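Student: Counting in the numbering used here, the sequence shown runs from 549 upward without gaps. Even for Gly, the Cβ is constructed at its ideal location relative to N, Cα and C. As the structure is a prediction and not an experimental result, all values here were calculated from the model. Here you go, one structure.
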Amino acid sequence: MSEAPAAPPAASADGAPDAGALLLRPPEPRAGWRLLPARVVAMCAVELQKLRHDRTELYTRAVQPALWLLIFGQTFTRIRAIPTGGIPYIDYLAPGIIAQSAMFIAIFYGIQIIWERDAGILNKLLVTPTPRSALITGKAFAAGVKSLIQAVVVIVIAALLGVALSWNPLKLLGVALAVVLASAFFSCLSMTIAGIVLSRDRLMGFGQAITMPLFFGSNALYPLSVMPGWLQAVSKVNPLSYEVDALRGLLLGTPAHPALDFGVLAVAAALGIAAASSLLGRLAR
Numbered sequence: 549m550s551e552a553p554a555a556p557p558a559a560s561a562d563g564a565p566d567a568g569a570l571l572l573r574p575p576e577p578r579a580g581w582r583l584l585p586a587r588v589v590a591m592c593a594v595e596l597q598k599l600r601h602d603r604t605e606l607y608t609r610a611v612q613p614a615l616w617l618l619i620f621g622q623t624f625t626r627i628r629a630i631p632t633g634g635i636p637y638i639d640y641l642a643p644g645i646i647a648q649s650a651m652f653i654a655i656f657y658g659i660q661i662i663w664e665r666d667a668g669i670l671n672k673l674l675v676t677p678t679p680r681s682a683l684i685t686g687k688a689f690a691a692g693v694k695s696l697i698q699a700v701v702v703i704v705i706a707a708l709l710g711v712a713l714s715w716n717p718l719k720l721l722g723v724a725l726a727v728v729l730a731s732a733f734f735s736c737l738s739m740t741i742a743g744i745v746l747s748r749d750r751l752m753g754f755g756q757a758i759t760m761p762l763f764f765g766s767n768a769l770y771p772l773s774v775m776p777g778w779l780q781a782v783s784k785v786n787p788l789s790y791e792v793d794a795l796r797g798l799l800l801g802t803p804a805h806p807a808l809d810f811g812v813l814a815v816a817a818a819l820g821i822a823a824a825s826s827l828l829g830r831l832a833r
């Protein structure tokens, strides 16, 4: 007597494939370019969460720009030693101090990524599907938002001192964009240096060595016309000069070059992100 034919495998009532089929056909992961915006926003949000636990940095960093405006700005307004095109010197100085205070926050951002390396956090982030460029971009724009908060504090101080600033909402949005782009570049510059020196102490030394030359080698304190020729050349390749030029044009209505200023800041931020991303793996080793 012949054997009965084997019964076909029973199908589920809802027509779903069995477990073996699921194991053979895993879901396809989303492409990296689709994940990039979400990862950037997530990394930025994680960085900004730290402000909820400690806001001391924002308060203490407001002291230095206040002193610049109160002492340096008001003193040089009285002696009228620097040509400013007919506007009070404290008004001329205010956009420069906004840019300076934002830069000082961003330029030491590499210390944080070295701390994350030492704590083992960076290695855990690098084994996730998140692209390295998304990690750097999230941190860069988190630095931009922190710098923007600092810029708001300086603008309030300047307004209390009688600086005649524009309160046009569109111009203030332009101010925010300029601060964020410039801070993204300076934070990426710091993270790039961190990927080269690999040490917090060395990074502190490099940060202190370049912050004041960047500040004094820009148009934050005085116009290009009073600089020696070599310093004018330095100022023309200094992204801080383009940020200050954009801020003066938006807040004070002085002649500016917005297309050039924002173009330089955007290109500088993109190049900074690319450079820092390329060195992130070296920092984690």
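1) Mind checking whether V774 and P613 have CB atoms under 8 Å apart?
2) Taking the alpha carbon of I697 as the point to measure from, which residue in G797, I653, A688, S735 has its own alpha carbon closest?
3) Which value, in whole angstroms, describes the spacing of the CA atoms of Y640 and T740?
4) Between the Cα of L769 and the Cα atoms of L737, Q648, V589, L615, which residue gives the shortest distance?
5) Specify the secondary structure class of W715 as computed by DSSP and reduced to three states.
6) Take I659 as the anchor and find which of A824, L751, F624 has the nearest alpha-carbon.
7) Examine the Cβ distances between the region 786-800 and the region 706-722 and report whether three or more of them are shorter than 8 Å.
8) Taking D809 as the reference, give the member of F763, S789, V701 with the closest Cα.
9) Do you know how far the Cα of T625 is from the Cα of V611?
10) Under 7 Å Cβ to Cβ from I703, same chain only, skipping five residues before and after it: list those, please.
11) I684 and S825 - do their beta-carbons sit closer together than 8 Å?
12) With a cut-off of 8 Å, do at least 3 Cβ pairs link the region 670-679 to the region 755-765?
13) Comparing alpha-carbon positions, which option in L828, I627, P585 lies nearest G743?
14) Buried or exposed: which applies to I705, given that a residue is buried once 16 or more other Cβ atoms fall within 10 Å of its Cβ?
15) Tell me whether M760 is buried or exposed, calling it buried when 16 or more other Cβ atoms sit within 10 Å of its Cβ.
16) Taking 8 Å as the cut-off, decide whether the C-beta atoms of A650 and A690 are in contact.
17) Can you give me the C-alpha to C-alpha distance between I821 and G722, rounded to a whole angstrom?
18) Rounded to whole angstroms, what is the Cα-Cα separation between I638 and A832?
19) Label A667 either buried or exposed according to how many other C-beta atoms from any shown protein chain fall within 10 Å of its C-beta, with 16 as the threshold for buried.
Tutor: Working from what's here:
1) Sequence index remark: in the sequence shown, residue 774 carries index 226 (1-based). Sequence index remark: in the sequence shown, residue 613 carries index 65 (1-based). No, they are not a contact pair.
2) Here residue 697 corresponds to residue number 149 of the sequence shown, with the count starting at 1. Comparing Cα-Cα distances from I697 to each of G797, I653, A688, S735, the minimum goes to I653.
3) The sequence position of residue 640 within the sequence shown is 92, counting from 1. The sequence position of residue 740 within the sequence shown is 192, counting from 1. C-alpha separation (whole angstroms): 32 Å.
4) Here the question's residue 769 lines up with position 221 in the sequence shown. Relative to the Cα of L769, the nearest Cα in the group L737, Q648, V589, L615 belongs to Q648.
5) Here the question's residue 715 lines up with position 167 in the sequence shown. Coil.
6) For the purposes of this step, residue 659 is taken as the residue at position 111 of the sequence shown. Residue L751 is the option with its Cα nearest to I659.
7) Because the criterion of three Cβ pairs below 8 Å is met, the region 786-800 and the region 706-722 touch.
8) Counted from its first residue, the sequence shown places residue 809 at position 261. Closest option to D809, Cα to Cα, is S789.
9) By 1-based counting over the sequence shown, the position of residue 611 is 63. By 1-based counting over the sequence shown, the position of residue 625 is 77. One alpha carbon belongs to V611, the other to T625, and they sit about 20 Å apart.
10) Taking the sequence shown and counting its residues from 1, one reaches residue 703 at position 155. Result list for I703: I646, L713, in chain order.
11) Position 277 of the sequence shown, counted from the start, is the residue given in the question as residue 825. Position 136 of the sequence shown, counted from the start, is the residue given in the question as residue 684. S825 places its beta carbon less than 8 Å from that of I684.
12) Contact between the region 670-679 and the region 755-765 is not established, with fewer than three Cβ pairs separated by less than 8 Å.
13) Taking the first residue of the sequence shown as position 1, residue 743 is located at position 195. For the set L828, I627, P585, the Cα lying nearest the Cα of G743 is the one of L828.
14) As a position in the sequence shown, residue 705 is number 157, starting the count at 1. Counting Cβ neighbours within 10 Å, I705 comes out buried, since at least 16 surround it.
15) Residue numbering aside, residue 760 sits at position 212 when the sequence shown is read from its first letter. In this structure M760 is exposed. Its beta-carbon is surrounded by fewer than 16 other beta-carbon atoms within 10 angstroms.
16) Here residue 650 refers to the residue found at position 102 when the sequence shown is read from its first residue. Here residue 690 refers to the residue found at position 142 when the sequence shown is read from its first residue. No, these two residues do not count as a Cβ contact at 8 Å.
17) Translated into the one-based positions of the sequence shown, residue 821 becomes position 273. Translated into the one-based positions of the sequence shown, residue 722 becomes position 174. Each residue's alpha carbon lies about 21 Å from the other.
18) Taking the first residue of the sequence shown as 1, we reach residue 638 at position 90. Taking the first residue of the sequence shown as 1, we reach residue 832 at position 284. Between the alpha carbons of I638 and A832 lies a distance of about 45 Å.
19) In the sequence shown, the residue the question calls residue 667 occupies position 119. Residue burial annotation: A667 is exposed, with fewer than 16 other C-beta atoms found within 10 angstroms of its C-beta.
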